[in-house]
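A.B. asks: Starting off with a structure, shown below.
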Amino acid sequence: MTSRTTATTPTTARRDIGGVLRFPALAADARQAEPVTLALPLPPDALHDPADFRVHDAATPLPVQARATSTWPDGSVRWLFARTQVDLPGRAAKNITWSVAPDQQPDDGHPRVAGAITVTESAAGLLVDTGRLRALVPRSGEALLRAITLDGLAVAGVLGPIQLAATPVDAEKTTAPVSLASPTLTVEESGPLAVVIRLDGWYIPGVWQGQVRLTFHAGKPYVAVAHQFTLHDPSRHWRLHALFVDWTPTAAGTAPPRLALGQGHYRSTIESGATPRAVVLGPAALYGQEHAPELFYGDFWASHTGATGGAAITIYQAFQHFPVGLAATPERLRASLVPEESAGVEIWPGMAKTHQLLVQLHGPEMALDALNFRSLQFQLPDEPVVPPQTYAAAGVWPDLFPAQRSETIEWFLSRRADERVVALGMLDFGDAPDGGYTAQRRGGGGLVWTNNEYDFAHTMYLHAARTGERRFRAAADVAARHWLDVDICHASSDPLRLDGHIMHSVHHVTGGLAPSHQWVEGLFDYYHHTGDAAARDAAIGVGANILRLLAQPTFQRAGSFQVRELGWALVALAALYEETYDEQYLAESARLVELFMAWRDEFGGLLAPYTSHTLVRVPFMIAVAARGLLRYHALRPDPRIPPLVVGEVDALVAEFLGAEGIFYYKGLPSLHRPHPNPLLLGLLAQAYRLTGSAHYLDIARTQLRWLLQSDARGAHGAAATGEAFLRGAGLPGPKGFAQAFLPTMEFYTAAAEAGGLP
Numbered sequence: 193m194t195s196r197t198t199a200t201t202p203t204t205a206r207r208d209i210g211g212v213l214r215f216p217a218l219a220a221d222a223r224q225a226e227p228v229t230l231a232l233p234l235p236p237d238a239l240h241d242p243a244d245f246r247v248h249d250a251a252t253p254l255p256v257q258a259r260a261t262s263t264w265p266d267g268s269v270r271w272l273f274a275r276t277q278v279d280l281p282g283r284a285a286k287n288i289t290w291s292v293a294p295d296q297q298p299d300d301g302h303p304r305v306a307g308a309i310t311v312t313e314s315a316a317g318l319l320v321d322t323g324r325l326r327a328l329v330p331r332s333g334e335a336l337l338r339a340i341t342l343d344g345l346a347v348a349g350v351l352g353p354i355q356l357a358a359t360p361v362d363a364e365k366t367t368a369p370v371s372l373a374s375p376t377l378t379v380e381e382s383g384p385l386a387v388v389i390r391l392d393g394w395y396i397p398g399v400w401q402g403q404v405r406l407t408f409h410a411g412k413p414y415v416a417v418a419h420q421f422t423l424h425d426p427s428r429h430w431r432l433h434a435l436f437v438d439w440t441p442t443a444a445g446t447a448p449p450r451l452a453l454g455q456g457h458y459r460s461t462i463e464s465g466a467t468p469r470a471v472v473l474g475p476a477a478l479y480g481q482e483h484a485p486e487l488f489y490g491d492f493w494a495s496h497t498g499a500t501g502g503a504a505i506t507i508y509q510a511f512q513h514f515p516v517g518l519a520a521t522p523e524r525l526r527a528s529l530v531p532e533e534s535a536g537v538e539i540w541p542g543m544a545k546t547h548q549l550l551v552q553l554h555g556p557e558m559a560l561d562a563l564n565f566r567s568l569q570f571q572l573p574d575e576p577v578v579p580p581q582t583y584a585a586a587g588v589w590p591d592l593f594p595a596q597r598s599e600t601i602e603w604f605l606s607r608r609a610d611e612r613v614v615a616l617g618m619l620d621f622g623d624a625p626d627g628g629y630t631a632q633r634r635g636g637g638g639l640v641w642t643n644n645e646y647d648f649a650h651t652m653y654l655h656a657a658r659t660g661e662r663r664f665r666a667a668a669d670v671a672a673r674h675w676l677d678v679d680i681c682h683a684s685s686d687p688l689r690l691d692g693h694i695m696h697s698v699h700h701v702t703g704g705l706a707p708s709h710q711w712v713e714g715l716f717d718y719y720h721h722t723g724d725a726a727a728r729d730a731a732i733g734v735g736a737n738i739l740r741l742l743a744q745p746t747f748q749r750a751g752s753f754q755v756r757e758l759g760w761a762l763v764a765l766a767a768l769y770e771e772t773y774d775e776q777y778l779a780e781s782a783r784l785v786e787l788f789m790a791w792r793d794e795f796g797g798l799l800a801p802y803t804s805h806t807l808v809r810v811p812f813m814i815a816v817a818a819r820g821l822l823r824y825h826a827l828r829p830d831p832r833i834p835p836l837v838v839g840e841v842d843a844l845v846a847e848f849l850g851a852e853g854i855f856y857y858k859g860l861p862s863l864h865r866p867h868p869n870p871l872l873l874g875l876l877a878q879a880y881r882l883t884g885s886a887h888y889l890d891i892a893r894t895q896l897r898w899l900l901q902s903d904a905r906g907a908h909g910a911a912a913t914g915e916a917f918l919r920g921a922g923l924p925g926p927k928g929f930a931q932a933f934l935p936t937m938e939f940y941t942a943a944a945e946a947g948g949l950p
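Counting from 1 along the sequence shown, just add 192 to a position and that's the residue number in my numbering.
Here you go:
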């Protein structure tokens, strides 16, 4: 389970590589040339040039815009991020196929896109032409879009700019809204199907930083807007009073404009007419519904249509990111990501947040139902399912595909994945509080947020790959996006805090940093699945923070800290090496391995301090240490590592296995209580694979039986707190699934091979 496929010397590109992508039935109406994205894992030596990647609808080749987001050591593509446009039927599923065509010229098999998208640079800015929509992204920053035409006709209006108003928490609300002044414009992605333009600048120099991404699609009259702010002031936290973007018509015409607002959790309610309309969503707007909130909760959009056309703006996952608001008046259309009418949002130093919008430019005769349909497609877009066999063949992840199926284990994983608390709110969506930490008053009475402990995002990506269930992919995306924004320290004067992944704490960012509470794999997964390079940069930043922490005197001597500190560090360093091939990560890993060996030699095993007068073993922490050691061993085999791991497992079996057949919690008499931690399933499975001895799996089966018995869920419901709306209050947080998934899968695959699945 800890091994990864290693690329060999390149030979010739494979001729038989290919597969099927399935679009499940979704929308009731057909979609023509629907833009979709695809994240595809590939085995070594399968594809060396993304230009050789092909997609077909039956015998018809589809246009493709593809790039590698990760490569194997031989330079071949490990992860491919691709865009295409496909015709999808209403009320029916559809399959398309992909393949590699290395012998063709780059343009062979790629159809030319009618009205392919272009971007032209000038002194005024960047002019984008999608074939239908033509607009200028000005360098001045006075707007996001102006000089707009649709199908050759001028649309009299201007979009933007995004404006922000904030003051320190101890100051009065006296500041006027400000926008990005003369932002830097960068074309991040350009091809026949899509153009992505990034705007970087400051709202308040040195304090509030802003970044906007605009994504245009060939042949489409809409643009996706992603806005991120970052608070850089290291001395205090601020209250964000307002954050909004306006559509402002430049010619009202003689007739009053049509103003519309649509929202709903199931069927959309659309109100329209000449009457101004405004809605602010807060906790009171959240009510019971049955959707998985990370995938869908409801829709929220408004439009302004004048004599020459207008714009509709959708706030993505609006209910999940409250407070938000929409207001349509004859003078303007406003999307408020933080409404001025609300109490505002308290932002802590180093914290960031991203909001997403869809702006539909339309003519004067545009039907409201059509605007509503596209808005819902933005909330719940078509997404192809990559078959589990493709992941298995690629070898980019551990073995997640047991030879036999256990309904018992599948049910155990399914319940842990689904039956958990989900938090809604601008700074909380994508995370959830941990009931145990909160009850222990680690937050002084406040909610203690999990902060992606055990890399919940990564485990959800893995679970989505093996099941094909979209709700798990959505949970992974949302968790990774929150983590990337909120739980990483983006600005600090302390180098031991800068770029680090902050551990579970009140307000997400008040906790400390340690090697044992920093992960990177879910960030890399998010990059591969979305193409957002900021996630890759953040993972490398977390790695740099881990290296700085490991260089401190605390981590130079064995026996002075818990072994999980080095275990999780080894996991992160291995992942960083697999993505970058930077030898610094393996060099530090080798030092940590030597520290483990010195630890064993000096203390007779991986004992660590607990009380001031004791050195004890902690079973679940030893499981983490073993995971890290074996991750390194898979990259740089070290004959000393397997006996160290097996020796520790044997010591735990001899000293820590209680009469119930369950390992004790920790190695103190006061903590000798049965504790069926799922991490032990993985440790025992690793011992089985290293030795071939089935008795380790027998012990693991007992642990699993107790886990199943103790996994009953109590009563739960919705609860509004001072900072979030909790759906499933009373259920465990995301840590329960994140901790259990990989070790359970290690046992699952090992037991399937050995026989005797529960």
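Positions of the beta carbon are idealized from the N, C-alpha and C atoms, including for glycine. Note that this is a predicted model, so its numbers are computed, not measured.
1) Which runs of the beta strand (DSSP E) spanning at least 3 residues fall entirely within the segment 489-559, listed in chain order?
2) Give me the Cβ distance between L918 and A615, rounded to the nearest whole Å; I'm assuming they're in contact under 8 Å.
3) Under 8 Å, do G462 and A476 count as touching if we go by C-beta distance?
4) Would D793 be called buried (16 or more neighbouring beta carbons within 10 Å of its own) or exposed?
5) Would you list, in sequence order, the uninterrupted beta strand (DSSP E) runs of no fewer than 3 residues that lie entirely inside the segment 331-357?
6) Quick check: the Cα distance between L325 and I389, rounded to an integer number of angstroms?
7) Applying the 10 Å Cβ sphere with the 16-neighbour rule, what's the burial state of F795?
8) Taking 8 Å as the cut-off, does the segment 310-323 touch the segment 378-395 (at least 3 CB pairs, one atom from each stretch)?
9) Looking at C-alpha atoms only, which residue of H496, R526, F514 is the closest neighbour of P556?
10) Let me check understanding here. Comparing Cα to Cα, which of P870, G383, F933, T806 lies closest to L863?
11) Using a Cβ-Cβ cut-off of 8 Å (strictly less than) and excluding sequence neighbours within five positions of P353, which residues of its own chain qualify?
12) Ordered along the chain, which non-local residues of its own chain (more than five positions away) have a Cβ less than 8 Å from that of R673?
13) Relative to the C-alpha of P531, which candidate in L518, P236, V361, R783 has its C-alpha closest?
14) Secondary structure at T936, three-state DSSP: helix, strand or coil?
15) Sorted by chain position, which residues of the same chain lie with C-beta nearer than 6 Å to A731's C-beta, five sequence neighbours on each side aside?
16) Thinking C-alpha only, which one of G502, L473, A503, P253 is nearest G490?
17) Within the same chain, show all residues whose beta-carbon is closer than 8 Å to that of R431, passing over the 5 residues directly before and after it, in chain order.
18) Do the segment 771-787 and the segment 820-830 make contact, defined as three or more Cβ pairs closer than 8 Å?
19) Applying the 10 Å Cβ sphere with the 16-neighbour rule, what's the burial state of L861?
20) Given that a residue counts as buried once 16 or more other Cβ atoms are within 10 Å of its Cβ, and exposed if not, what is W675?
21) Leaving aside the five residues before and after H682 along the sequence, list all residues of the same chain whose C-beta is less than 6 Å from its C-beta, in chain order.
22) Which residues in the same chain have their Cβ closer than 8 Å to the Cβ of A624, if we skip the five residues on either side of it in sequence?
23) Take the Cβ of T204 as the centre, count every other Cβ of all protein chains shown within 10 Å, and call the residue buried at 16 or more, exposed below.
24) As an exercise, report each continuous alpha helix (DSSP H) stretch of at least 4 residues that is fully enclosed by the segment 567-635, in chain order.
25) Got a sec, what are the start and stop residues for the alpha helix (DSSP H) E794 sits in?
26) Going by alpha carbons, who is nearest to D244 out of A284, P294, L254?
27) Would you mind working out which of N737, Q710, L876 sits nearest V841, comparing C-alpha positions?
28) Which value, in whole angstroms, describes the spacing of the CA atoms of P522 and G498?
29) Whole angstroms is fine: what's the gap from P235's alpha carbon to Q632's?
30) Any idea what DSSP makes of T204, helix, strand or coil?
31) By DSSP's criteria, Y856 is part of a beta bridge. Which residues make up the other side?
32) Just curious, the alpha helix (DSSP H) that E313 is in, first and last residue?
33) Excluding five sequence neighbours on each side, which residues of the same chain lie with their C-beta closer than 6 Å to the C-beta of H457?
34) Going by the CB atoms, is the gap between I680 and V1035 shorter than 8 Å?
35) Assess, as a yes-or-no matter, whether the segment 696-707 is touched by the segment 719-730 under the definition of 3 or more beta carbon pairs within less than 8 Å.
36) Can you tell me which residues form a DSSP beta bridge with I814?
C.D. replies: The relevant details are as follows:
1) 491-498, 501-507, 516-521, 524-530, 537-539, 544-554
2) 6 Å
3) In the sequence as presented, Gly is not what sits at residue 462; that position holds Ile. The beta carbons of I462 and A476 sit no closer together than 8 Å.
4) exposed
5) Runs found: 338-342, 349-351.
6) 15 Å
7) exposed
8) A contact exists between the segment 378-395 and the segment 310-323.
9) H496
10) T806
11) G333, E334, A335, L336, S371, L372, V437
12) Counting only Cβ-Cβ distances below 8 Å, and skipping sequence neighbours, we find T546, G622, Y718.
13) L518
14) helix
15) V712, L715, F716
16) Of the listed residues, the one whose Cα sits closest to G490 is L473.
17) Only A358, T359, P360, V361, K365, G536, V537, E538, I539 meet the Cβ criterion.
18) Yes, they touch.
19) Checking the sequence, you will find Pro at residue 861 rather than Leu. Exposed is the call here.
20) buried
21) T422, G542, A544
22) Answer for A624: R612, V613, V614, A615, W641, T642, L918, G925, P926, listed in chain order.
23) Here T204 scores only 44 on pLDDT, less than 50, and its place in the model is too uncertain to base an answer on.
24) Complete alpha helix (DSSP H) runs here, min 4: 580-586, 599-610, 627-631.
25) 775-795
26) P294
27) Ranked by how close their Cα comes to the Cα of V841, the residues N737, Q710, L876 have L876 in first place.
28) 9 Å
29) About 46 Å.
30) Residue placement at T204 is poorly supported in this model, since its pLDDT is 44, which falls under 50; the coordinates still yield a value, given next. Secondary structure of T204 (DSSP, three-state): coil.
31) P866
32) Where E313 is concerned, there is no enclosing alpha helix (DSSP H), although the beta strand (DSSP E) it sits in stretches over 310-313.
33) Once the five neighbours on either side are set aside, the close Cβ partners of H457 are Q481, G490.
34) Nothing about residue 1035 can be read from this structure; the chain reaches only from 193 to 950.
35) no
36) According to DSSP, which records beta bridges pairwise, I814 is partnered with nothing at all.
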